[in-house]
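Numbering follows numbering that gives the first Met the number 0, with no gaps: position 32 of the sequence shown is 31.
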Amino acid sequence: MKDEAFGIVPILRQEDGEKFLLIQHHAGHWGFPKGHADPGETAIAAARREFEEETGITAYELLGETSFAEEYSFIRHKINVRKTVTYFPAVVTSDVVTCQAKEIKDYAWLPYEAAVKKITFSPARQLLVQVYDHLKQSGTR
0 MKDEAFGIVP ILRQEDGEKF LLIQHHAGHW GFPKGHADPG ETAIAAARRE FEEETGITAY
60 ELLGETSFAE EYSFIRHKIN VRKTVTYFPA VVTSDVVTCQ AKEIKDYAWL PYEAAVKKIT
120 FSPARQLLVQ VYDHLKQSGT R
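Take a look at the structure:
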């Protein structure tokens with residue numbers, strides 16, 4: 000079975016460098032805000048809606064239509080699920096987060112190295128490495 004979700008990699012630019020917003024899901028793992036699209040919703044619209052719902056952040060700007068994807072498998076109800084999550088990097092203008100209590104247990108704004116260490120699953124860590132490399136190569140850092 001295939002599953003698809005969409006999210007945002009939130010980037011806060013500060014004088015001492017970027018910080019990345021990680022969220023802790025109730026299951027305990029750390030990653031980025033994400034969720035499923037509603038019927039008829041585009042990937043970008045779903046990513047935006049989920050990000051705003053989960054974090055309360057509405058002041059941000061996507062870095063164009065650049066996207067990065069993570070893929071992984073898991074078992075749900077004895078069925079093998081192959082999940083793809085497409086993320087869009089976005090620069091936020093405030094570090095104020097209002098967590099959606101039913102979805103988010105905790106959050107943290109972390110510099111790159113600390114964020115890489117805090118992320119629970121390897122596909123999400125690799126995604127952050129790709130986003131960070133893209134920021135350096137595109138000169139948007």
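Backbone N, C-alpha and C fix where the C-beta goes; we use that ideal spot for every residue, glycine too.
Any 3 or more C-beta pairs closer than 8 Å across the segment 35 to 42 and the segment 115 to 132: No, they do not touch.
Local Cβ density within 10 Å of Ala-114, reported as buried at 16 or more and exposed below that: Buried, by the Cβ-count rule.
Three-state secondary structure assigned by DSSP to Pro-122: In the displayed model, Pro-122 falls within a helix according to three-state DSSP.
Nearest-angstrom beta carbon gap, Leu-61 and Phe-87 [assumed within contact, 8 Å]: About 5 Å separates the Cβ atoms of Phe-87 and Leu-61, confirming a contact at the 8 Å cut-off.
Endpoints, the beta strand (DSSP E) within which Val-96 is located: Where Val-96 is concerned, there is no enclosing beta strand (DSSP E), given that its DSSP letter is neither H nor E.
Selection from Ala-4, Gly-6, Val-130 and Trp-29 that minimises the alpha carbon distance to Phe-120: Of the residues Ala-4, Gly-6, Val-130 and Trp-29, the one whose Cα lies closest to the Cα of Phe-120 is Trp-29.
Span separating the alpha-carbon of Ile-10 from that of Glu-52: C-alpha separation (whole angstroms): 17 Å.
Distance CB(Pro-32)-CB(Glu-49) smaller than 9 Å: The criterion of a C-beta distance shorter than 9 Å is satisfied by Pro-32 and Glu-49.
For Gly-16 and His-76, the rounded distance between their alpha carbons: The straight-line gap from Cα to Cα measures roughly 43 Å.
Cβ-based neighbour list, Lys-104, same chain, cut-off 7 Å, excluding 5 preceding and 5 following: Taken in chain order, the residues that qualify are Gln-23, His-24 and His-25.
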